[in-house]
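Trainee: When we follow numbering that gives the first Met the number 0, the leftmost residue of the sequence shown carries the number 0, and every step to the right adds one.
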Amino acid sequence: MTDLHPSIAAVTDRIIARSAPRRAAYLDLMGRQREAGTNRGNLSCGNLAHGFAASGEDKPAIRAGTEMNIGIVTAYNDMLSAHQPYGRYPEQIKLFAREVGATAQVAGGVPAMCDGVTQGQAGMDLSLFSRDNIAQGTVIALSHAMFEGALLLGICDKIVPGLLIGALRFGHLPTILVPAGPMPSGLANKEKQRVRQLYAEGKVGRDELLEAEAASYHGAGTCTFYGTANSNQMMMELMGLHIPGSAFTNPGTKLRQELTRAATHRIARIGWDGDDYRPLARCIDEKAIVNAAIGLLATGGSTNHAIHLPAIARAAGIIIDWQDFDELSHAVPLLARVYPNGAGDVNNFHAAGGIGYVVRELLGAGLLHGDVLTVGGTMADYAAEPMLVDDELHWRASPAKSRDDTMLRPVAAPFSPDGGMRLLAGNLGRAIIKTSAVDKDRWTIEAPCRIFDDQNQVLTAFKAGELDRDVVVVVRFQGPRANGMPELHKLTPALGVLQDKGFRVALLTDGRMSGASGKVPAVIHLSPEALPGPDGVSGPLAYLKDGDIVRVCAVNGEAVALVDEAEWAARSPAIAPPPALGVGRELFALFRHHADEAEKGGSAILAAMETVV
């Protein structure tokens with residue numbers, strides 16, 4: 000076996016040591032939960048009768064309590080293309096469960112919010128906190144103590160992290176994530192991006208733009224670019240929480256159905272009554288969290304997971320921070336270029352060898368923990384790709400050579416020697432930047448800043464020609480406590496136009512810019528955020544003024560305002576705009592008021608939980 004890379008070993012050891020007290024307390028709680036009433040055997044007759052009253056032909060088996068009953072938590076809706084395929088999954092899973100003597104019930108549903116629909120709209124202010132809501136919904140679903148295992152049906156941005164955060168409160172249950180797959184490829188993402196920029200410049204109209212968007216997002220399944228949703232699916236494979244190779248098989252295919260059958264059969268085999276018990280609390284450990292971060296870096300995945308992965312880890316009693324990401328990034332090479340980091344989409348990535356190829360390369364180079372407890376076997380089993388032979392599911396070894404080296408390369412000849420996610424720090428706070436799609440000559444930007452409190456203000460200034468210069472665009476009061484930390488992806492076309500004109504441009508914000516930030520340097524998640532914290536102190540971003548020279552540098556890890564210290568100390572902070580109203584944002588005020596910083600996950604429920612656990 001290849002020795003583990005020393006940097007990965009050092010980061011993992013540091014996380015284990017840092018997390019030891021919380022992790023021990025978490026595992027102790029999960030051990031007690033299994034025996035303390037969160038199982039069917041401890042339900043009263045009245046409780047149990049309510050639980051199987053409407054279960055039809057499964058009623059005798061659920062009543063007897065001799066076989067596993069699987070709780071299905073579903074994020075189905077038919078507005079969100081990625082989750083529309085889940086509509087028929089529960090009935091399929093019930094049939095598949097009966098094939099192995101088990102039963103299944105839909106334990107509950109959780110919301111699935113689409114950032115693609117709400118991007119740049121008022122509803123985006125609810126986006127991040129929908130993750131906390133989903134976690135709570137998952138807990139409510141599983142709280143009935145009717146289940147000995149769980150299948151989680153979710154795929155997109157906040158949904159998978161939310162499902163996991165909730166399910167980890169029931170970590171004594173074996174749990175498998177069941178994906179639905181990406182939609183087939185439509186209009187090439189590069190062409191879609193080109194039309195968006197033309198629209199931003201006023202060179203095409205809304206009809207042309209809508210036609211391009213509809214040709215790109217055209218059917219059931221996840222969007223095909225490598226944003227947060229598809230990064231989720233990669234991470235679930237690298238953490239060993241999927242049936243191997245199931246992330247990127249298209250919906251509506253026989254292979255997709257057989258992978259769902261395999262997940263149902265597998266959950267029945269890893270329950271606590273057998274000799275292969277694999278509870279979620281043991282599958283998600285420090286090494287699994289590090290594997291997820293490594294996969295993110297090796298494939299150029301979404302920066303949103305610099306928030307979501309710490310939150311998932313935290314729910315399991317594990318503490319990971321951006322310094323860990325930074326050090327791992329220096330050790331892990333970039334093996335994939337998937338749009339927006341390259342021309343091809345996730346279907347092209349999958350065809351080139353996909354996640355199986357990445358796992359095999361990383362394991363072979365000592366860049367991945369192979370000794371993690373997975374739901375599907377060993378980590379080596381994920382270095383494979385599923386296939387049908389006479390309509391039966393089989394796995395074959397991932398290709399020894401990439402089928403397309405413009406998309407996927409070996410460790411020996413990567414696209415970049417590092418993973419392209421950096422920690423920036425300085426007198427403006429701590430932030431991250433994703434460099435994998437940014438030309439190296441733009442890794443350092445030093446220019447006067449222009450300050451905005453809202454992304455629509457940026458677009459107004461852009462259309463007026465006020466940003467046609469070297470500029471660091473600052474958008475502040477966009478953090479979790481200010482307005483729920485919305486995506487600022489609406490700015491991507493305009494900033495891309497400025498850069499294409501030859502200007503040196505960067506974005507600096509305490510908000511989010513997603514995994515599709517692309518070619519423009521985007522310094523994001525700046526913490527502390529501009530809005531005053533519980534101590535009444537504003538973040539440094541609130542002290543910036545228009546025209547201040549700002550340097551952001553991915554080479555040296557800097558995010559600094561080049562302002563005289565005495566002048567800086569004499570300044571008063573900017574006044575935050577009042578909280579926006581409408582679209583139900585008022586009902587999320589509790590989450591905003593209690594959320595903590597982005598580096599910890601930007602979660603209100605996790606921050607509150609730690610005061611009682």
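All residues carry an ideal CB built from backbone N, CA and C; glycine is no exception.
1) From this set, L186, L422 and I69, which residue's C-alpha is nearest A553's C-alpha?
2) Suppose the cutoff is 8 Å on Cβ atoms and the five residues either side in sequence are ignored; what does the same chain contact list for I139 look like?
3) Could you tell me the boundaries of the alpha helix (DSSP H) in which N482 lies?
4) Going by beta carbon distance, what residues of the same chain come within less than 6 Å of H307, once the five residues before and after it are set aside?
5) I need the boundaries of the beta strand (DSSP E) containing I288, first residue and last residue.
6) Measure the C-alpha to C-alpha separation of V337 and V559 and round it to an integer number of angstroms.
7) What first and last residue would you give for the beta strand (DSSP E) that runs through W394?
8) When we look at the beta-carbon of A96 and count the other beta-carbons within 10 Å, is it buried (16 or more) or exposed?
9) So P178 packs on Q232, CB below 8 Å; how close in whole Å?
10) I need the DSSP call for L458, collapsed to helix, strand or coil.
11) Find out if the Cβ-Cβ distance for the pair D284, V371 is shorter than 8 Å.
12) Taking the alpha-carbon of W661 as reference, which of M420, M406 and D404 has the nearest alpha-carbon?
13) Which term fits P114, buried or exposed, when burial requires 16 or more other beta carbons within 10 angstroms of its beta carbon?
14) Within 10 angstroms of the Cβ of Q454, are there 16 or more other Cβ atoms? Answer buried if so, exposed if not.
15) Have a look at the DSSP bridge pairing and note the partners of M386.
16) Rounded to the nearest angstrom, what separates T227 and D156 at their Cα positions?
17) Output the boundary residues of the alpha helix (DSSP H) element that contains C44.
18) Would you list the one or two residues that DSSP bridges to M420?
19) Helix, strand or coil for Q104 per DSSP?
20) Determine the burial state of H349: buried for a count of at least 16 other Cβ atoms within 10 Å of its Cβ, exposed for fewer.
21) Please report the distance separating the alpha-carbon of A463 from that of E210.
22) Within 10 angstroms of its Cβ, does M512 collect 16 or more other Cβ (buried), or is it exposed?
23) Which same chain residues end up closer than 6 Å to D547 when comparing Cβ atoms and leaving out the 5 residues on each side of it in sequence?
24) State the DSSP-derived secondary structure class of P520, mapped to helix, strand or coil.
25) Just checking, does the stretch 174-189 make contact with the stretch 211-227 on the three C-beta pairs under 8 Å criterion?
26) So, under 8 Å CB-CB, G270 and M67 are touching, yes? Tell me the CB distance rounded to an integer number of Å.
27) Under 8 Å between the Cβ atoms of L407 and A335?
28) Give the single residue among A606, T443 and K599 whose Cα lies nearest to the Cα of H592.
29) From this set, P492, K500, K202 and V474, which residue's C-alpha is nearest L530's C-alpha?
30) Starting from E445, follow the beta strand (DSSP E) in both directions and report where the run begins and ends.
31) Let me confirm a value: N46 is counted as buried when at least 16 other C-beta atoms fall within 10 Å, else exposed. Which label applies?
32) Quick check on A505: does DSSP put it in helix, strand or coil?
33) By how many angstroms is the C-alpha of L507 removed from the C-alpha of D534?
34) Taking Cβ positions, are T248 and M182 nearer each other than 8 Å?
35) Would you mind working out which of V203, E200, R193 and G204 sits nearest S215, comparing C-alpha positions?
36) So is L229 buried or exposed if we call it buried at 16+ other beta carbons inside 10 Å?
Mentor: On the basis of the supplied data:
1) Out of L186, L422 and I69, L422 has the C-alpha closest to the C-alpha of A553.
2) Scanning its chain for C-beta atoms nearer than 8 Å, with the 5 sequence neighbours on each side dropped, one finds around I139 the residues G107, in chain order.
3) Per DSSP, the continuous alpha helix (DSSP H) segment holding N482 begins and ends at P479 to N482.
4) Hits under 6 Å: P160.
5) Bounds of any beta strand (DSSP E) do not take in I288; it lies within the alpha helix (DSSP H) bounded by E285 to T298.
6) So the two alpha carbons sit approximately 31 Å from each other.
7) Note, W394: beta strand (DSSP E), E391 to A396.
8) By the 10 Å Cβ count, A96 comes out buried.
9) Going by Cβ atoms, the distance from P178 to Q232 rounds to 5 Å, so yes, they are a contact pair.
10) Reduced to three states, the DSSP call for L458 is helix.
11) Contact flag set, yes.
12) The structure shown has nothing for residue 661, since the chain only spans 0 to 612.
13) The residue asked about is misnamed: residue 114 is Asp in this sequence, not Pro. D114 is buried by the Cβ-count criterion.
14) Looking at its Cβ environment, which holds 16 or more other Cβ atoms inside 10 Å, Q454 is buried.
15) Beta-bridge partners of M386 (DSSP): H393.
16) As the crow flies, the alpha-carbon of T227 is around 5 Å from that of D156.
17) If you look at C44, you'll find it in the alpha helix (DSSP H) that goes C44 to F51.
18) DSSP output for M420 lists K433 as bridge partner(s).
19) It is a strand residue.
20) Burial of H349 is indicated by the presence of at least 16 other C-beta atoms within 10 angstroms of its C-beta.
21) Cα-Cα distance, rounded: 27 Å.
22) Classification for M512: buried.
23) Cβ within range, chain order: C448, A560 and V562.
24) Here P520 sits in coil by DSSP.
25) By the Cβ criterion, the stretch 174-189 is in contact with the stretch 211-227, since at least three pairs of Cβ atoms, one from each stretch, lie closer than 8 Å.
26) That belief holds up - the Cβ atoms of G270 and M67 are roughly 5 Å apart, short of 8 Å.
27) Result yes, Cβ atoms of L407 and A335 sit closer than 8 Å.
28) Nearest option by C-alpha distance: A606.
29) Check the Cα spacing between L530 and each of P492, K500, K202 and V474: the tightest is with V474.
30) Segment T443 to F451, the beta strand (DSSP E) holding E445.
31) N46 should be labelled exposed.
32) In this structure, A505 counts as strand in the three-state DSSP scheme.
33) In a straight line, the C-alpha of D534 is about 24 Å away from that of L507.
34) Not in contact: T248 and M182 (Cβ atoms no closer than 8 Å).
35) Per the Cα distances, R193.
36) One point to set straight first is that residue 229 is Asn, not Leu, in the sequence displayed. In this structure N229 is buried. Its beta-carbon is surrounded by 16 or more other beta-carbon atoms within 10 angstroms.
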